[in-house]
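Asks:
Protein chains: 2
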Amino acid sequence: MRSISTGSDRSADDLTARARIRDAAVRRFATDGLAAPLRTIAADAGVSPGLILHHFGSRDGLREECDQYVLDEMFRADDELLRDGGASTAAAWLSGLGQHSAMVGYMLRLLQHGGPVLTAFVDRMVAATEDYLEAGVADGSIRPSLAPKARARYIVESSLGALLLRMPAARDRLDLDALAGLLQAYTEEVAVPSLELYTEGLLVDRSLLEAFAANLPGEPPATEPKEEG
Amino acid sequence: MRSISTGSDRSADDLTARARIRDAAVRRFATDGLAAPLRTIAADAGVSPGLILHHFGSRDGLREECDQYVLDEMFRADDELLRDGGASTAAAWLSGLGQHSAMVGYMLRLLQHGGPVLTAFVDRMVAATEDYLEAGVADGSIRPSLAPKARARYIVESSLGALLLRMPAARDRLDLDALAGLLQAYTEEVAVPSLELYTEGLLVDRSLLEAFAANLPGEPPATEPKEEG
DNA sequence: TAGCATCCTGAACATGCGTTCAATCTCGAC
DNA sequence: GTCGAGATTGAACGCATGTTCAGGATGCTA
Chain A
0 MRSISTGSDR SADDLTARAR IRDAAVRRFA TDGLAAPLRT IAADAGVSPG LILHHFGSRD
60 GLREECDQYV LDEMFRADDE LLRDGGASTA AAWLSGLGQH SAMVGYMLRL LQHGGPVLTA
120 FVDRMVAATE DYLEAGVADG SIRPSLAPKA RARYIVESSL GALLLRMPAA RDRLDLDALA
180 GLLQAYTEEV AVPSLELYTE GLLVDRSLLE AFAANLPGEP PATEPKEEG
Chain B
0 MRSISTGSDR SADDLTARAR IRDAAVRRFA TDGLAAPLRT IAADAGVSPG LILHHFGSRD
60 GLREECDQYV LDEMFRADDE LLRDGGASTA AAWLSGLGQH SAMVGYMLRL LQHGGPVLTA
120 FVDRMVAATE DYLEAGVADG SIRPSLAPKA RARYIVESSL GALLLRMPAA RDRLDLDALA
180 GLLQAYTEEV AVPSLELYTE GLLVDRSLLE AFAANLPGEP PATEPKEEG
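The following block contains the structure:
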């Protein structure tokens, strides 16, 4: 029984202490960073520090539970991402989760902290974007690429990285109530330059691209984009 | 007497203890992260922990000195960046500083740590890139933009952010000896997809861009942003 | 040589952390 | 009602950290 999708029926007493600790941890890790003390989380959840260890074994155990929980929720929203397209809408997708600001903030913390969990998340987004781009190429809405996999990865890492770099002042403390507005403002600011870049490009001359493309090893791209002259 | 540009005559005894501490701190902060203990730095520099406080007042004092020192060196290399162009060569520029791997690593740590120092650095790179793009537009090598400032910022933040996101496993410990190779490999991997994107774009149809561009406030581009209703 | 400012040491202190643990509470099973 | 297992507490421990401090070493000036 893990229906979290509603998110409104959590009166903080209906939840088990274990779930209350998990929720408080996600929120506190998001606001104060992944190094937030267990005592603070315990106070937020209204329990003693010892209870956290009783339920999760250790600090790392709590962190792993939070990682798993947040990533599960994020992957659930991943399907919607696929419909929108992974390119410049990565931030928009995050922004759409206004009611899950704590988990979005936690995800941002994960983004700047790095580690295997983040790598898995990025890889999954890359794979989804690659599928999306491949479908776009098939129906003619997206230009074919010499290196579809590398392109998908570059687009995802650019989008996520640019977003991450926009949270510099938010390092010490991240205001979750203001997060949705910040992301909204960011997507609006970035919409035109990113779409411009994705539509018109930047360089007039093709020589630089062709010079580098000549060095490519002769690997056939993806499924069957058999492009010849 | 602050000639550091050579960087080869540092036999660790020619330097004052203060400079030795600063160098050890930059290196240790780069490898172990900005939370590295003072005792470790003291051991690296071959001094006692108390001496660090004697010279720098506090841990924050040492951090500020390292920030200033590294940024000064980075800005000195900024001129060369201007000749190469700020677009996709941000990583290449970092990679070129192979002999300054400690400062590059420190810069990466700053990138993931955020804060006012990083904001100033990014702003400066944005301004330099904007100038570069403007010159390119003038001589016809770069396509004009509806929002030159926003485009410059987006390009810089995308490039730096994508680079930052590629150091996930290097979070716990950053191998400075392998850093130059990693950056080199990264630029090679990213060259084709980024040049492809910058040359050909991604989207076939212009309608999405035009829809968003229509919402732009009627401000004339660049030189004379005298926006009125 | 004497004096003195500066460099430098290393032990000690205060703090905050994750964690342990013995004791207490809660509550359903019998 | 009794019992017992799990939930929960809060004090205490051990450790690592930044910082302080009293004193020793060093080297320049007179």
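So the sequences go chain by chain: A and B. Per numbering that gives the first Met the number 0, the first sequence starts with residue 0, numbered consecutively. Per numbering that gives the first Met the number 0, the second sequence starts with residue 0, numbered consecutively. Backbone N, C-alpha and C define an ideal beta-carbon position, used for all residues, glycine too.
1) Within a Cβ cutoff of 7 Å, which residues of the same chain sit near A/T128, ignoring the five residues on either side of it in sequence?
2) When the Cα atoms are used, what is the spatial distance from A/F120 to A/L70?
3) Using the three-state DSSP reduction, which class does A/L33 fall into: helix, strand or coil?
4) Whole angstroms are fine: how far does the CA of A/F211 sit from the CA of B/E187?
5) Between B/A24 and chain A, is any beta-carbon pair separated by less than 8 Å?
6) Could you pull out every residue in the same chain whose Cβ sits closer than 7 Å to the Cβ of B/Q111, ignoring the five residues on either side in sequence?
7) Which residue marks the beginning of the alpha helix (DSSP H) containing B/V125, and which one marks its end?
8) 8 Å is my cut-off, CB to CB: does B/Q67 come that close to chain A?
9) Which term fits B/E72, buried or exposed, when burial requires 16 or more other beta carbons within 10 angstroms of its beta carbon?
10) B/R27 and B/A35: beta carbons closer than 8 Å?
11) Please tell me whether A/S140 has its Cβ less than 8 Å away from any Cβ of chain B.
12) Would you kindly work out how many angstroms separate the C-alpha atoms of B/Y131 and B/P147, rounded to a whole number?
13) Can B/A127 be considered in contact with the ligand COA, in the sense that its beta carbon sits closer than 7 Å to one or more heavy atoms?
14) Taking DSSP's pairing of strands, which residues face B/H141 in a bridge?
15) Answer yes if the region 190 to 210 of chain A comes into contact with the region 38 to 55 of chain A, meaning at least three C-beta pairs across the two stretches below 8 Å, and no otherwise.
16) Is there at least one Cβ from chain A nearer than 8 Å to B/P192's Cβ?
17) Could one say the Cβ of A/L14 lies closer than 8 Å to chain B's Cβ atoms, at least one of them?
18) What separation, rounded to the nearest whole angstrom, lies between the Cα atoms of B/R205 and A/S144?
19) What do you reckon, are the CB atoms on B/Y123 and B/E64 nearer than 8 Å?
20) Can you find a CB in chain A that lies within less than 8 Å of the CB of B/A212?
21) Using a Cβ-Cβ distance under 8 Å, would B/G60 count as near chain A?
22) Any C-beta of chain B within less than 9 Å: which residues of the region 154 to 178 of chain A qualify?
23) Please look up how many angstroms separate the CB atoms of B/V103 and B/L181, rounded, as I've assumed it's under 8 Å.
24) According to DSSP, is A/R165 part of a helix, a strand, or is it coil?
25) Does A/V125 come within less than 8 Å of chain B when only Cβ atoms are used?
26) Express the C-alpha separation of B/V46 and B/A16 in angstroms, rounding to a whole number.
27) Going by other Cβ atoms of all chains shown within 10 Å of its Cβ, with 16 needed for buried, is B/L215 buried or exposed?
28) Which term fits B/S57, buried or exposed, when burial requires 16 or more other beta carbons within 10 angstroms of its beta carbon?
29) Can the beta-carbon of B/I141 be found less than 8 Å from the beta-carbon of A/V203?
30) Quick one: does B/F74 have its CB under 8 Å from some CB of chain A?
31) Closest to A/L107 by CA distance: which of A/A23, A/L175, A/L208 is it?
32) Let me make sure I understand the geometry here. Which of B/L159, B/T30, B/A24 has the alpha-carbon closest to that of B/A41?
33) Run through DSSP, which three-state label would A/L61 get?
34) In the structure shown, what three-state DSSP assignment does B/R229 receive?
35) My guess is that A/T198 and B/G200 are in contact by the Cβ rule of under 8 Å, so how many angstroms apart are they, rounded?
36) With H, G and I counted as helix, E and B as strand and the rest as coil, what does DSSP make of B/T15?
Replies: Taking the structure as given:
1) Here the set comprises G85, A151, I154, V155.
2) Distance between the alpha carbons of A/F120 and A/L70: 8 Å.
3) Secondary structure of A/L33 (DSSP, three-state): coil.
4) Rounded to whole angstroms, B/E187 to A/F211 spans 9 Å at the Cα level.
5) With respect to chain A, the C-beta atom of B/A24 has no partner C-beta closer than 8 Å.
6) Correct list, in chain order: L163.
7) For B/V125, the enclosing alpha helix (DSSP H) has its first and last residue at 115 to 138.
8) No, B/Q67 lies away from the interface with chain A (no Cβ there is under 8 Å from its Cβ).
9) Its Cβ being crowded by 16 or more others within 10 Å, B/E72 is buried.
10) Yes, the pair counts as a contact, with Cβ atoms nearer than the cut-off.
11) Yes - at least one Cβ of chain B is within 8 Å of the one on A/S140.
12) Roughly 11 Å between the two C-alpha positions.
13) In the structure shown, the ligand COA is absent, as is every other ligand, since no ligand is present at all.
14) Looking at the sequence shown, residue 141 of chain B is not His but Ile. According to DSSP, which records beta bridges pairwise, B/I141 is partnered with A/L202.
15) In short, these stretches do not touch, since the Cβ pair count stays below three.
16) Taking Cβ atoms only, chain A reaches closer than 8 Å to B/P192, which makes this a yes.
17) A/L14 does not count as touching chain B.
18) Near 18 Å, if we compare the C-alpha coordinates of A/S144 and B/R205.
19) According to the sequence displayed, residue 123 of chain B carries Arg and not Tyr. No, the Cβ-Cβ distance between B/R123 and B/E64 is not below 8 Å.
20) Chain A contact via Cβ: present.
21) No, B/G60 does not count as interfacial toward chain A.
22) Per Cβ criterion, the list reads I154, V155, E156, S157, S158, L159, G160, A161, L162, L163, L164, R165, M166, P167, A168, A169, R170, D171.
23) Actually they are not in contact, since the Cβ atoms of B/V103 and B/L181 sit about 10 Å apart, beyond 8 Å.
24) Residue state, collapsed to three classes: coil.
25) It does not: the Cβ of A/V125 has no partner Cβ on chain B nearer than 8 Å.
26) Near 8 Å, if we compare the C-alpha coordinates of B/V46 and B/A16.
27) With fewer than 16 other Cβ atoms inside 10 Å of its own Cβ, B/L215 counts as exposed.
28) By the neighbour-count rule (16 or more Cβ atoms within 10 Å), B/S57 is not buried but exposed.
29) Cβ distance < 8 Å, so B/I141 and A/V203 count as in contact.
30) Chain A, which has no Cβ nearer than 8 Å to the Cβ of B/F74, makes this no.
31) The residue with the shortest Cα to Cα distance from A/L107 is A/L175.
32) The residue with the shortest Cα to Cα distance from B/A41 is B/A24.
33) Here A/L61 sits in helix by DSSP.
34) With chain B represented from 0 up to 228, any question about residue 229 of chain B goes unanswered, as that position is not in the structure.
35) About 5 Å; that satisfies the 8 Å criterion.
36) Coil, per DSSP.
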